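Reviewing the structure listed below.
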Ligand code: ANZ
Ligand code: ZN
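Residue numbers (UniProt numbering): 1 to 827.
Okay, structure coming up:
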C-alpha cells in the first residue's frame, strides 16, 4: 500500500486531498438524492445563504454543523436531501450596485459564483442538482404566483398606514426589521411615514401559529418558542365601550383588567390615531397638533419604554364610564400606540404604573379599587397590581379574587351590551411591499375602472425591467416608478383592456424565503411553484439548522406560508420544520467579529493555512453546537496535528481489506466497539464536539496498539481505523477519504455503511480489587469497574484466603476505595 522510497515524505496533504476528493464527489454525484423509494428519506436544510461577499466564519460553523448530520444520515442508509441555494434578492445588492455603478444582478451572481466555489472547497455534502436562486425568473415567477393565491384569498391586501421608514435606505421596514428603534440593516434611526402598502394577513393565523407550537415543543429550542410566543403576544381581556360627549359612536378600549373599570379616572388615545384628530376640541387643536409633531419623531420603542417620560395633551373631550356614569377627561398620550388593541385605553392610575405616572404628571385623580394591603399608590407613587378586596366597585364589591372579578364584570358588560370579553394579539399584519428595485415585482395591475387586477398566470413572471445604467439611488419612491421604466409600467388592464399601471413595489425578501424549502424538493419543476409529489415525499424538513436571529421573522413567516398553503390544499402538512437547531456564533476575543473592530477572522486564510478539515474539526470540536465559539480560544494547528496523526495511523495498517476482523486483538476491538456505540449516541444527541474527542482517543489507542501492542498487521487495527475514518468523515471529510483509500477500500467513505457495535464486545472490562484484612493484602479479586460496596464485600468473603483471615471474627469496619481496594478491619 505504501509507495516505497517516498515513505519519509508521505503524509496528509490537505490541498491535494481537497482537490482530489471534491473533484471525485462532483464527478460521481456522491451526495445526490436517490429518490427511488428504496431508502427512508431525510431532509437536512441549512438556512439560506445570502450572497454578500464570500463565505465567512459564520457560514463555516453553521454549514459544518449541518453537514455532520447529513453525512451521518447517509452512512446510516437514509436517502438524504441536502440542498443548496441563495436568497439572492435584497438591498445589499442594490446598495453595492449604487456604490460601484454596476447592476445588482452583476454583484449578486458574481458573489454566488464565489460562494459556490467556496462551498465546494469547504466540502459540504450538498446535492448540487437542487440548487436555486430566488432572483432567477423561474423562481420569482412562482413567488408572484403564490402572492396571487394569497391575494385571491383575501390574505394579501393594501392599506394606508403609518409604516416604519428607514430614512437611509429610503424604504419601509417590517416591525421585525426594526431593532431598538433602528434599521436592522443599516442602523439608521427609524421614523414613521404614511404610505399605501401591501400586507399579508398573518394576524388571521395568530392563534394557530400559537397553538401549533405545542407540537414543536422539545424539537425546537425553547428560546425560539418563547420568542415566537412573545412576538405573537396573545392577551386576554375585554372591550369596554365609553360614550364621548358630542359623538354618536362610543369609543372601544381594550383592557386586560376589566375588573379595575370602576377605578378608571381618564381615557388616553394614541395621538396618531384617527380618533384623536376626530374628537379634539377646537380650543385644544393647536396644542394637540404641536404635540403630534413631537410624537412622530419618536420611535415605537421609545414610546413604550418604561424609562420614557410619559407625555400627553388634553383633548378637550369628556367620556362617560359605562358602569358608574362618572365623567372622565380624554387625553392623547404617547404611551398609547395606535395599532395595538383599539388605540385607546381606559386609564386606571391606581393599578397601572404607566397610568399612574401620567396621572401624577398632569394632576389627574387616582381612585384605588382593590385593597391589596400594599401602600396607597396616591402616596407611594407605585401602582398596586396584586389580588385583594374590591372596593368602590359596585357589583364587584366584596370579591377578593381577580379571576372571579374579571368573570363577573365581563358578564355585566355583555349583559348590558357595553363590552365583551376578547383576545388581542401583539402580532401585526406583515408589511411586504418595498420601494426598492432588486426584489420580486408585485404582480398587480392598477386600473382606474377595475381596481387592483392580478396579472394573469400566463403572463407571469412580471420580469424586472433591466434598468441598467439607471439611477437606483433611494428617492423614497420605487425605482420602478421612475420615468426610465414608463414603458414597462404602462400596460392595458387584463380585465377591461383600458389603460392601467403595474404596481411599482417589490416584495420583502422574506417572501422569497418563506417557501424555498418546498421548491428545493424539485427546483426544475415547471408546472407549478413546487412539485406536489416531490413535496409529499420529502417534506416536512427533518432537521433545520440556522441562526437564532431568525426566531421571529423567517421562521414565523415560513410557518404562516405553510399553513396558508395547507388551507389552499397545496400541501398536506401545516408545520414546515420538524426539528430546529440554532448554532452559536463565531466570535473573536469575546466580541462579535466586525469590520469596525477589525477583529474579523478570514475563513479563506484559515483554510489556506490549515486546510478545510482542520478548520471544520476546530469548529465542531470547540464546544456544543448551540454555543458560541471564540476563535481566540481554539487551535486549528492542533486540529491539523490530530488529522495528520490519524492519516499516519491509516497509512501504517498492513492487513488486507478482506481480513476477518473478529480474529483481532480483543482489547482493541472492545475500545472500537465502545466508540461505535458512544459516537452513535453522541451524533443522535447532537453532541458533536464530544465526537471529535472520542475520535482522538480512538486514534491514540490505535497508535499505541500498533507501536507497543498487537501490531500494525492485527485485524483489530484495521477495524478500528475503518471506523475512525467513518466517524471522522462527519467533520473532516477529506482526510477521512484519504484514510479510507489508504485502507484499500473502494471510494468513497461517504458511500459506506455506519457499523453497529457488537454487544458481546460492550461488556465492561473487569478490574482487580485488592482485599486487605487488618491492613495486610489477603486477596486479589476480579470485579466489574462499577462494583458497589455490598457486592465487593460478598465477593471478598467468598474468597478462600480472605475467608481464612476473617474466620469467625466480627467485621468492625469497612474501608472501600472501589473498584481498586476493599479493606476489612476485624476483631
Ligand atoms: C386598564 C388597565 C388597568 C390596564 C390595569 C392594565 C392594568 P397587554 O398585556 O400588553 O396586552 N393598552 C391597551 N391598548 C393599548 C395601546 N394601544 N397602547 C398602550 N397600552 C395599551 O396590555 C394591555 C393593557 O395595556 C390594557 O389593559 C391597557 O391598559 C393597555 F390595572 O387597561 B389596561
Ligand atoms: Zn380595468
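In this text, a Cβ means the ideal position worked out from N, Cα and C, and glycines have one as well. Keep in mind it's a predicted model, so treat the numbers as computed, not measured.
Nonlocal neighbours in the same chain, by C-beta distance under 7 Å from residue 505, ignoring five residues either side: Your numbering for residue 505 matches position 505 in the chain shown. So the qualifying residues of the chain are 198, 433, 434, 435, 442, 478.
Distance cut-off 7 Å: residue 270 Cβ against heavy atoms of ligand 1: By one-based count along the chain shown, residue 270 stands at place 270. Because some heavy atom of ligand 1 lies under 7 Å away, the Cβ of residue 270 counts as near it: yes.
Paired residues, beta bridge with residue 29 - DSSP: By 1-based counting over the chain shown, the position of residue 29 is 29. Note: residue 29 sits in no beta bridge, so no partner.
Cβ separation of residue 742 and residue 651, assumed to be a contact under 8 Å, to the nearest whole Å: By 1-based counting over the chain shown, the position of residue 742 is 742. By 1-based counting over the chain shown, the position of residue 651 is 651. Right, the Cβ-Cβ distance comes to about 5 Å (below 8 Å), so this counts as a contact.
Proximity winner among 141, 412, 704, relative to residue 456 (alpha-carbon distances): Your numbering for residue 456 matches position 456 in the chain shown. Comparing Cα-Cα distances from residue 456 to each of 141, 412, 704, the minimum goes to 141.
CB contact flag (residue 747, residue 157, <8 Å): The sequence position of residue 747 within the chain shown is 747, counting from 1. The sequence position of residue 157 within the chain shown is 157, counting from 1. Remark: C-beta atoms of residue 747 and residue 157 do not approach each other more closely than 8 Å.
N-terminal and C-terminal residue of the beta strand (DSSP E) that residue 595 is part of: Here residue 595 corresponds to residue number 595 of the chain shown, with the count starting at 1. Careful: residue 595 lies outside any beta strand (DSSP E) and carries neither H nor E.
Start-to-end residues for the alpha helix (DSSP H) that takes in residue 144: In the chain shown, the residue the question calls residue 144 occupies position 144. Note, residue 144: alpha helix (DSSP H), 137-152.
Residue 245 classed as buried or exposed, judged by whether at least 16 other C-beta atoms fall within 10 angstroms: Numbered from 1 along the chain shown, position 245 holds the residue referred to as residue 245. It counts as exposed.
Cβ-based burial, residue 130 [other Cβ within 10 Å; buried from 16]: In the chain shown, counting from the first residue as 1, residue 130 sits at position 130. Of the residues assessed, residue 130 falls on the buried side of the cut-off, its CB having 16 or more other CB atoms within 10 angstroms.
Own chain partners of residue 398 with C-beta closer than 8 Å, once the 5 adjacent residues on each side are dropped: As a working mapping, residue 398 is identified with position 398 in the chain shown. Cβ neighbours of residue 398 beyond the five flanking positions: 389, 390.
For residue 147, the nearest candidate out of 290, 430, 296, 535 (CA to CA): Walking along the chain shown from the start, residue 147 turns up at place 147. If we check each option's Cα against that of residue 147, 430 comes out closest.
Every unbroken beta strand (DSSP E) inside the region 258-309 [3 residues or more]: Here the runs fully enclosed are 266-269.
Any non-hydrogen atom of ligand 1 within 7 Å of residue 337 CB: Taking the chain shown and counting its residues from 1, one reaches residue 337 at position 337. Checking the Cβ of residue 337 against ligand 1 gives yes.
C-alpha distance - residue 725 paired with residue 80, whole-angstrom precision: Taking the first residue of the chain shown as position 1, residue 725 is located at position 725. Taking the first residue of the chain shown as position 1, residue 80 is located at position 80. Between residue 725 and residue 80, the C-alpha separation is close to 20 Å.
Nearest-angstrom beta carbon gap, residue 769 and residue 822 [assumed within contact, 8 Å]: Numbered from its first residue, the chain shown carries residue 822 at position 822. Numbered from its first residue, the chain shown carries residue 769 at position 769. Approximately 6 Å separates the beta-carbon atoms of residue 822 and residue 769; this is inside 8 Å, confirming the contact.
Pairwise C-alpha distance: residue 269 and residue 128: Taking the first residue of the chain shown as 1, we reach residue 128 at position 128. Taking the first residue of the chain shown as 1, we reach residue 269 at position 269. If I take the Cα positions, the gap works out to 56 Å.
Integer-rounded CB distance, given that residue 514 should sit under 8 Å from residue 544: In the chain shown, the residue the question calls residue 544 occupies position 544. In the chain shown, the residue the question calls residue 514 occupies position 514. Taking the Cβ atoms as the reference, residue 544 lies roughly 13 Å from residue 514, outside the contact range of under 8 Å.
7 Å CB neighbourhood of residue 751 in its chain, flanking five on each side removed: To locate residue 751, count along the chain shown from 1; it is residue 751. Hits under 7 Å: 30.
C-alpha distance - residue 449 paired with residue 172, whole-angstrom precision: By 1-based counting over the chain shown, the position of residue 449 is 449. By 1-based counting over the chain shown, the position of residue 172 is 172. The alpha-carbon of residue 449 is positioned some 28 Å away from that of residue 172.
Cβ separation of residue 771 and residue 781, assumed to be a contact under 8 Å, to the nearest whole Å: Working through the chain shown from its first residue, we reach residue 771 at position 771. Working through the chain shown from its first residue, we reach residue 781 at position 781. With a Cβ gap of about 6 Å, residue 771 and residue 781 count as contacting.
Residue 480 versus residue 437 - alpha carbon distance: Reading the chain shown from its first residue, position 480 is the one you call residue 480. Reading the chain shown from its first residue, position 437 is the one you call residue 437. Answer to the nearest angstrom: the Cα atoms are 7 Å apart.
Assumed close pair residue 132, residue 517 - CB separation to whole angstroms, cut-off 8 Å: As a working note, residue 132 is residue 132 in the chain shown. As a working note, residue 517 is residue 517 in the chain shown. In this structure residue 132 is not in contact with residue 517, their Cβ atoms being roughly 11 Å apart against a cut-off of 8 Å.
DSSP state of residue 457 mapped onto helix, strand, coil: Stepping through the chain shown from its first residue, residue 457 is reached at position 457. Of the three classes helix, strand and coil, the one that applies to residue 457 here is helix, per DSSP.
Per DSSP, cross-strand counterpart(s) of residue 782: Mapped onto the chain shown, residue 782 falls at position 782. Bridge partners of residue 782: 768.
Through-space distance from residue 677 to residue 8, alpha-carbon basis: Sequence index remark: in the chain shown, residue 8 carries index 8 (1-based). Sequence index remark: in the chain shown, residue 677 carries index 677 (1-based). Model confidence at residue 8 stands at a pLDDT of 49, short of 50, so the residue's coordinates are unreliable; what they give is reported in the following sentence. Their Cα atoms are separated by approximately 36 Å.
Under 8 Å between C-beta atoms of residue 239 and residue 420: Taking the first residue of the chain shown as position 1, residue 239 is located at position 239. Taking the first residue of the chain shown as position 1, residue 420 is located at position 420. Judged by beta-carbon spacing, residue 420 lies within the 8 Å limit of residue 239, meaning their Cβ atoms are closer than that value.
heavy atom of ligand 1 below 7 Å from residue 409 C-beta: Within the chain shown, numbered from 1, the residue matching residue 409 stands at position 409. Taking the Cβ of residue 409 as the reference point, every heavy atom of ligand 1 lies at 7 Å or farther away.
Length of the line joining the Cα atoms of residue 225 and residue 718: In the chain shown, residue 225 corresponds to position 225, counting from 1. In the chain shown, residue 718 corresponds to position 718, counting from 1. For residue 225 and residue 718, the distance between alpha carbons rounds to 47 Å.
Cβ shell of residue 63 (< 6 Å), same chain only, five flanking positions each side left out: Translated into the one-based positions of the chain shown, residue 63 becomes position 63. Hits under 6 Å: 46, 124.
Best match in 413, 276, 538, 733 for proximity to residue 20 [C-alpha to C-alpha]: Sequence index remark: in the chain shown, residue 20 carries index 20 (1-based). Checking every option, the nearest Cα to that of residue 20 belongs to 733.
Classification of residue 100 by the beta-carbon crowding that lies within 10 angstroms, buried from 16 upward: Translated into positions along the chain shown, residue 100 becomes position 100. That one is exposed.
Local conformation of residue 326 per DSSP, three classes: Counting from 1 along the chain shown, the entry for residue 326 is found at position 326. Secondary structure at residue 326: coil, using DSSP grouped into helix, strand and coil.
Which listed residue (241, 222, 254) has its alpha carbon closest to that of residue 234: Here residue 234 corresponds to residue number 234 of the chain shown, with the count starting at 1. Ranking 241, 222, 254 by CA distance to the CA of residue 234 puts 254 first.
Member of 576, 794, 684 whose CA lies at the smallest distance from the CA of residue 65: Sequence index remark: in the chain shown, residue 65 carries index 65 (1-based). With distances taken between Cα atoms, residue 65 lies closest to 684.
Sub-8 Å separation of residue 241 and residue 396 beta-carbons: Your numbering for residue 241 matches position 241 in the chain shown. Your numbering for residue 396 matches position 396 in the chain shown. Cβ atoms of residue 241 and residue 396: not closer than 8 Å.
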